[in-house]
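>
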Amino acid sequence: MSYYLTLFLVLFYHSIKYEFMYKEKRNWKRFIVFVVIFLLAFSYQMGTDWLNYQYFYDYDVPNIKLNNLFSNFQFMFSSEKGFVLLNILFYNLGFNYELFTGIVIGSCLFLILNFIEKKSDNFYFSFFLSIVMFLFGYSLEPVLRQLIALTLIITGFKYIEKRCFFKYLLIIILAVQFHLSAFIAIFFYFLEKIKLNKKRAFLIFIGIYILILFLFNIF
């Protein structure tokens, strides 16, 4: 816990400093990104349902065949085929559950933090706010599926800016394979009158994260 508190204080300090000294060089960015990814990706048994996810990976995945994904065979996460396939892939490659989640979460966080850095005027404060939200989510339940879906949606934002509907639709369809609630992101494409500047893009990111996190019980 002391590691997280220290990280929060460092980010908060630099967010204030950056706000009043806008020309400050971003010397701390790479170090902060590394620390954030390491702490969040390799935290042990975070979330109230962590053991169920590990049980699925260690004991259910070995018995799931590819044809089961397209049959009436019922198992945990059977409706989210992309997530099941990802588990099968890493299991067959010989990764244990901890390393599997570390790699996946680390990759997602890298892409998300890179997006935040590009879209935020004060990236220290944005990092601070995002990390608080991620940790809050971790304390409620494992957000691995939601995190993957969110990452895919964020990568699709560029197709909104380019007005490439079918490419964005494909991204959303892929995201739904990891969490069913990701379909709500399709509506962002039709917000044509809202210019996707840095502030609004970051607010949309926050909104998508909250919706995906808190709607998982419905879907």
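Just so you know, we're using this note's numbering here: the sequence shown kicks off at 11 and counts up by one.
Idealized CB from N, CA, C, for every residue including glycine.
Just so we're clear, the structure is a prediction, and the values are computed from it rather than from any experiment.
With DSSP as the reference, label residue 201 as helix, strand or coil.
Residue 201 falls in the coil class under three-state DSSP.
> Which residue marks the beginning of the alpha helix (DSSP H) containing residue 91, and which one marks its end?
91-102
> Mapping DSSP to helix, strand and coil, what is residue 168?
helix
> Provide the residue span of the alpha helix (DSSP H) that contains residue 124, from first to last.
For residue 124, the uninterrupted alpha helix (DSSP H) run begins and ends at 107-129, by DSSP.
> Quick check on this structure: which residue in 45, 160, 183 and 67 has the alpha carbon closest to the alpha carbon of residue 109?
67
> Taking the alpha helix (DSSP H) that residue 183 belongs to, which residues open and close that run?
175-186
> Rounded to whole angstroms, what is the Cα-Cα separation between residue 47 and residue 77?
35 Å
> If we count the other Cβ atoms within 10 Å of its Cβ and call it buried at 16 or more, is residue 156 buried or exposed?
Residue 156 should be labelled buried.
> Closest Cβ-Cβ distance between residue 77 and chain B: below 8 Å?
In the displayed structure, chain B is absent; only one protein chain is listed.
> Going by DSSP in three states, residue 194 sits in which element: helix, strand or coil?
helix
> State yes or no: is the C-beta of residue 162 within less than 8 Å of the C-beta of residue 179?
no
> Could you check what DSSP says for residue 71 in three-state terms: helix, strand or coil?
Helix.
> In whole angstroms, give me the CA-to-CA distance for residue 122 and residue 100.
Note on geometry: alpha-carbon atoms of residue 122 and residue 100 lie some 22 Å from one another.
> Let me know if residue 83 comes out buried or exposed under the rule of 16 or more other beta-carbons within 10 Å of its beta-carbon.
By the neighbour-count criterion, in which 16 or more other beta carbons inside 10 Å mark a residue as buried, residue 83 falls on the exposed side.
> Below 8 Å between beta carbons: does that hold for residue 175 and residue 199?
yes
> Using CA atoms only, rank isn't needed, just tell me which of 196, 173, 187 and 119 is closest to residue 43.
119
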